[in-house]
Amino acid sequence: MFEAVPRGDAIFLKLILHDRSDENCVKLLNNCWKALPEKGKVIVVECVLPAFQGIFQLDLCMATYNIGGKERTEEELQGLARDGGFTGFKALHLFADTWVMEFTK
C-alpha cells in the first residue's frame, strides 16, 4: 500500500485514511494517483468531522487506538487529496458522520 497500489480505473478506500497520519495518507494517495489512468478516481468512505472546533469521541478514539490516526474535516481530506496529486474533489454526506468522496486525477 505504501510501496505500490494495483492499477485500475478506480480505487475504493473505506475507513483507511483515518487510521493513518497525514504523511502516510499523502504517500498512499500519491501511490493511488500513480496507479490510475488519466481521469481515474479514488472513492473514499470515511467519517468526517464537522468544520467547527470541538472534541469529538471519534477523534479521541482514533488518537487512542491508532498512533497518527485521526478523524478529519472535509477540508482536511480535500487537502490530503490535493497533496496526493488529485485535482478533482466531490463529497456527499451519506448518514450520521459518514461521507463518500471522489478524488479525481
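Note that the UniProt record's numbering numbers the sequence shown so that position 86 is 86, with each residue one more than the last.
Note that CB positions come from ideal geometry on N, CA and C, so glycine has one too.
Lys-90 and Phe-103 have their C-alpha atoms spaced approximately 7 Å apart. Looking only at Glu-38, His-93, Lys-34, Ala-96, the smallest Cα-Cα distance to Gly-84 is reached by Lys-34.
Gly-79 carries a helical assignment under DSSP once its states are collapsed to helix, strand and coil. Between Lys-41 and Val-48, the alpha-carbon positions lie close to 19 Å from each other. In the structure shown, Leu-36 adopts coil according to DSSP, grouped into three states. Boundaries for His-18: no beta strand (DSSP E) harbours it, and the DSSP string shows neither H nor E there. The C-beta distance from Ala-51 to Glu-75 rounds to 7 Å, short enough to fall under 8 Å.
In this structure, the straight-line span from the alpha carbon of Leu-29 to that of Leu-80 is close to 8 Å.
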